[in-house]
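Written out below as structure tokens is the structure these notes cover.
Numbering (my numbering), first residue to last: 1 to 335.
Structure below.
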């Protein structure tokens, strides 16, 4: 991977911090790393973890993807962009739809146009399983964002730039996820369960970072990279967090699915399967040949009627595996 200068939107989030930590270790010759986010407190706290005398290549830019003029300024001299900024909470997006659209959709458009104008070479945008067959506004805005980044490969004209997307499931232990929620709630003597059959995909933060590095190293422009990851059952998570504790069914929340989906049957018609991941191809004719792509990475199209969702997955985390993952995250101070 050839990266001289990189900007990470939403760079003070859990993904951004882990990605930047690993980037600097793996590529110490990177000359400039711009952390672009709108929260000054998080930027201050992160700057304490990366003091300027030890990490002179890291710069902190306060800004919002809604503000194109600020993006244009921050992208000066940048060759690679990782787009992690988004309004991610499902209930908040449902209650504040205009704000979700401004950040997740219009912000994506601002970033795409700014990257093209400033001569950026590679852009990888982070998506979510909720963007596949969305039933809530957050998922719908991320599907729209994905479409914008993929179509940007046509919109770029003669500019030498590639846009790709990575889509993955719930990050274990991330803010607002079920494990921290259960750990906090178990002191009340019971755990609230939305539905006893609910399942979710699971990915660790490092696995998410791995996927982004993989995309940067292998992107041709226009792909959506989807990793093969395990699922978990919500009751197994409850048992792993608090063995034997009472559970109470409280019902599925508005905008919430019973099972998460990352590749729909329709998507599968244009999806290639490889050993460790899937690639959803763009719906339009690309500047590269799909046959060459298949040959280089040794993959083939998915079978008819294939779909990839957490309830029909072939790989599952056991209670013990979930407990071990939680223990390792707690020991590392990540949960």
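Beta carbons: idealized from backbone N, C-alpha and C, even for Gly.
Contact the region 69-84 vs the region 110-125: 3+ CB pairs below 8 Å: yes
Candidates 120, 119, 148 and 121: closest to residue 131 by CA position: 148
C-beta contact flag for residue 30 and residue 23 at 8 Å: yes
Three-state secondary structure (DSSP) of residue 277: If DSSP states are grouped into helix, strand and coil, residue 277 belongs with the strands.
Contained beta strand (DSSP E) runs [length at least 3] in the region 209-295, N- to C-terminal order: Secondary structure within the region 209-295: the beta strand (DSSP E) runs of 3 or more consecutive residues, fully enclosed, are 224-227, 231-233, 246-249, 261-263, 271-273 and 277-280 (chain order).
Residue range of the unbroken beta strand (DSSP E) whose run includes residue 313: Where residue 313 is concerned, there is no enclosing beta strand (DSSP E), given that its DSSP letter is neither H nor E.
DSSP state of residue 88 mapped onto helix, strand, coil: coil
C-beta atoms of residue 208 and residue 282 nearer than 8 Å: no
Where residue 188 sits in the DSSP three-state scheme: helix
Whether residue 124 touches residue 65 by CB criterion (8 Å): no
Residues bridged to residue 122 [DSSP beta-bridge criterion]: 80 and 162
Coil, strand or helix - residue 38 by DSSP: Under the three-state reduction of DSSP output, residue 38 falls in the coil class, being neither helix nor strand.
Where residue 331 falls: helix, strand or coil (DSSP): For residue 331, the predicted model reports a pLDDT of 46, less than 50, meaning its position is unreliable; a value from the coordinates is still stated below. It is helical.
For residue 146, the three-state DSSP class (helix, strand or coil): helix
Proximity of residue 235 and residue 18 at Cβ, strictly below 8 Å: Against a cut-off of 8 Å, the Cβ pair of residue 18 and residue 235 comes out as no contact.
Same chain, Cβ closer than 7 Å to residue 331, neighbours up to 5 away in sequence not counted: Any answer about residue 331 is weak, because its pLDDT of 46 lies below 50 and its placement is not dependable; what the coordinates show is given next. No residues qualify anywhere along the chain.
Paired residues, beta bridge with residue 5 - DSSP: According to DSSP, residue 5 bridges with 32.
Residue 348 versus residue 182 - alpha carbon distance: Examination of residue 348 is not possible in this model, given that the chain is present from 1 through 335 alone.
Cβ contact check for the region 227-244 and the region 302-322: 3 or more pairs under 8 Å: Result yes; three or more Cβ-Cβ pairs closer than 8 Å.
Residue 143 versus 14, 323 and 262, residue with shortest Cα-Cα distance: The shortest C-alpha separation from residue 143 is found at 262.
Chain-order list of residues whose beta-carbon lies under 7 Å from that of residue 305 (same chain, five-residue window excluded): Same-chain partners within the cutoff: 265.
Alpha carbon of residue 191 to alpha carbon of residue 202, nearest angstrom: 20 Å
Strand pairing of residue 200, partner residues [DSSP]: 232
Coil, strand or helix - residue 325 by DSSP: Helix, per DSSP.
Cα-Cα separation between residue 4 and residue 32, rounded to whole angstroms: 7 Å
Reduced DSSP secondary structure (H/G/I, E/B, other) of residue 156: Looking at residue 156 - three-state DSSP - the assignment turns out to be coil, as it is neither helix nor strand.
Touch test, the region 52-65 against the region 243-254, Cβ-Cβ under 8 Å, three pairs minimum: Under the three-pair Cβ rule at 8 Å, the region 52-65 does not count as touching the region 243-254.
Span separating the alpha-carbon of residue 336 from that of residue 134: A question about residue 336 goes unanswered here, because the residues of the chain that appear run from 1 up to 335.
Burial state of residue 39 (16 or more Cβ within 10 Å): Residue 39 is exposed by the Cβ-count criterion.
Residue from 288, 268, 315 and 318 whose Cα sits closest to the Cα of residue 300: 268
Inter-residue spacing [alpha-carbon to alpha-carbon] between residue 242 and residue 323: 10 Å
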